[in-house]
Amino acid sequence: MTLQDRNTIKDNSTTIASWALAICRTIDAAGIDSNKILDEIGINRACLVDPNARLPIQQMTQLWRHAVTYTGDESIGLKVANFVQPTSFNALSFSLLVSDSLEDAWNRVKRYYTIISNVLEVDIEVAEQYSALCFNKIPNKHYADEAIDAFMATSYLMAFQVSHGKVKPIRLQLSRRQPFDSRAFEQLFNCPIQYTAASNKIFYDNTDLKRPFPSANRQLALSNDEAIQAYFDAIEQHSFSKKVTEEITVAMTLGNPDRDKIAKVFHMSSRNLQRKLKQEGTSFSAQVELVRKELAMKYIRNQQITIIEISFRLGFKDPSNFTRAFKRWYGLSPMQYRQRQRTQ
Numbered sequence: 001m002t003l004q005d006r007n008t009i010k011d012n013s014t015t016i017a018s019w020a021l022a023i024c025r026t027i028d029a030a031g032i033d034s035n036k037i038l039d040e041i042g043i044n045r046a047c048l049v050d051p052n053a054r055l056p057i058q059q060m061t062q063l064w065r066h067a068v069t070y071t072g073d074e075s076i077g078l079k080v081a082n083f084v085q086p087t088s089f090n091a092l093s094f095s096l097l098v099s100d101s102l103e104d105a106w107n108r109v110k111r112y113y114t115i116i117s118n119v120l121e122v123d124i125e126v127a128e129q130y131s132a133l134c135f136n137k138i139p140n141k142h143y144a145d146e147a148i149d150a151f152m153a154t155s156y157l158m159a160f161q162v163s164h165g166k167v168k169p170i171r172l173q174l175s176r177r178q179p180f181d182s183r184a185f186e187q188l189f190n191c192p193i194q195y196t197a198a199s200n201k202i203f204y205d206n207t208d209l210k211r212p213f214p215s216a217n218r219q220l221a222l223s224n225d226e227a228i229q230a231y232f233d234a235i236e237q238h239s240f241s242k243k244v245t246e247e248i249t250v251a252m253t254l255g256n257p258d259r260d261k262i263a264k265v266f267h268m269s270s271r272n273l274q275r276k277l278k279q280e281g282t283s284f285s286a287q288v289e290l291v292r293k294e295l296a297m298k299y300i301r302n303q304q305i306t307i308i309e310i311s312f313r314l315g316f317k318d319p320s321n322f323t324r325a326f327k328r329w330y331g332l333s334p335m336q337y338r339q340r341q342r343t344q
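Sequential numbering of the sequence shown, starting at 1, is according to UniProt numbering.
Here you go:
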């Protein structure tokens, strides 16, 4: 396993799985079978309808790349906003819709954005006449440009629709390069757009920011906030299993990961390690299989690595055991998967 492989797995950035469902619906609307793309990436479609499921940011980035490649549409992120449902961001969507104003909604986005994804930091920049919702990049975190396009479009449409067309942005800054055809951006936002900016920001006049939303319902918003906080807390509690996954990934470079040795890294017994993982709804063997599954798909797409070498890299002493595991994960043997790749 290379250092790059380790860093890939060590990046614990995730995004809410229902966000991927909106992307798939957009792909399907373009006449492309999103199931085929999900199979290539190794995403189980069933998890997309689970309100509590999350996906590694690497898989989401792959999904965005495939969406652009298969549809040939650089502005596909804007179209995803049309397929966002009230359930797309867990209870956060409902709270935003019944917020007192756009300012109130922004404060919720800032407080709970990690529910959607943890690759960016959200901030609110306030000036005398205008304010901006800012999406700042976190060092060593990566995201697809289309993801920002989609969230900017979703933010704009939510405010525009809830205010009955009265709340509109005054300008937009995007860190992405300007698309070859930027007309979709100009037509949607209908305001000056700066590309290759230092950060991603959408600006509104302060008068519009404080304009009361007709759909405001403070009691309902606060009730939804409680559900958001419960989900938020659940995400934070999974940090230990993520750390164990990191150590498993490193240990796999030396062969089959040993539970006792990894337990010592955390200064605890093997039994206590297993107990803590059980509290998070997982186990040591499940985490080992998760790492193997993710790396297996990464390696199998590289035609330069033999199947036998992949099996040894993943700690399988017998290649036939790897073949059976791969077929259980992805429904095809490693050889069948590669043959299908060659014919596509």
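Yeah, the Cβ is synthetic: ideal placement off N, Cα and C, and Gly gets one too.
Judged by pairs of C-beta atoms under 8 Å, the stretch 135-150 touches the stretch 117-126, as three or more such pairs exist. Under the Cβ criterion (8 Å, minimum of three pairs), the stretch 187-203 counts as touching the stretch 165-172. Under the three-state reduction of DSSP output, Y143 falls in the coil class, being neither helix nor strand.
The way I'd put it, the stretch 296-307 does touch the stretch 318-330; three or more beta-carbon pairs between them come closer than 8 Å. If you compare the alpha carbons of L314, A20, K79 and D50 with that of T249, the shortest gap goes to L314. At a Cβ-Cβ threshold of 7 Å, F94 and N217 do not count as neighbours. Between the stretch 105-117 and the stretch 81-95, the count of C-beta pairs closer than 8 Å reaches three or more; the two stretches touch. Residue environment: N272 is assigned as exposed (fewer than 16 neighbouring CB atoms within 10 Å of its CB, all protein chains considered).
Taking P51 as the centre and dropping the five residues before and after it, the same chain places the C-beta of S18, T87 and N90 closer than 7 Å to its C-beta, in chain order. The bridge partners DSSP lists for P56 are T14. The alpha-carbon of I148 is positioned some 10 Å away from that of K201. Inter-residue distance for A46 and L21 is about 10 Å (C-alpha atoms, whole angstroms).
The beta carbons of A81 and A150 sit closer together than 7 Å. Taking a contact to require three or more Cβ pairs closer than 8 Å, the stretch 329-341 and the stretch 296-305 qualify as touching.
The beta carbon of Y337 sits closer than 8 Å to the beta carbons of I300, F326 and Y330 from its chain, once the five residues preceding and following it are set aside; these are given in chain order. Rounded to whole angstroms, the separation of the alpha carbons of L55 and S13 is 9 Å. Distances from the alpha-carbon of I124 to those of L48, P179 and E103 put E103 closest. By the criterion of a C-beta distance shorter than 6 Å, R25 is surrounded in its chain by F83, once the five residues flanking it on both sides are discounted. Annotation for Q274: S283 and F284 place their beta carbon closer than 7 Å to its own, counting only its chain and skipping 5 residues before and after. With respect to Y70, I43 sits apart: the two C-beta atoms are not nearer than 7 Å.
Pairing L290 with V244, the inter-Cα distance amounts to about 11 Å. Bridge pairing for Y112: absent [DSSP].
Between S101 and F213, the C-beta spacing is below 7 Å. For the pair L78 and A153, the CB atoms are nearer than the 7 Å cut-off.
D205: member of the beta strand (DSSP E) spanning N200 to D205, first to last residue. Around the CB of D260, fewer than 16 other CB atoms lie within 10 Å, so the residue is classed as exposed. Counting every other CB atom within 10 Å of its CB across the protein chains shown gives D73 a total of 16 or more, marking it as buried. Setting aside the 5 residues that flank it on each side, D205 is surrounded in the same chain by Q129, Y130 and I170, each with a C-beta closer than 7 Å to its C-beta; the list follows chain order. Counted as a single uninterrupted DSSP element, the alpha helix (DSSP H) harbouring K79 occupies residues I76 to V80. DSSP lists S131 as the bridge partner or partners of V126.
Within the DSSP secondary-structure output, N90 pairs in a beta bridge with S88. Residue state for N272 is assigned as helix, using DSSP reduced to three classes.
Its chain contains L102, E103 and S131 as the residues whose beta carbon lies nearer than 6 Å to that of L209, once the 5 sequence neighbours on both sides are disregarded; these appear in chain order.
By the neighbour-count criterion, in which 16 or more other beta carbons inside 10 Å mark a residue as buried, R292 falls on the buried side. DSSP links P212 through a beta bridge to S101. Listed as beta-bridge partners of L290 by DSSP are no residues whatsoever.
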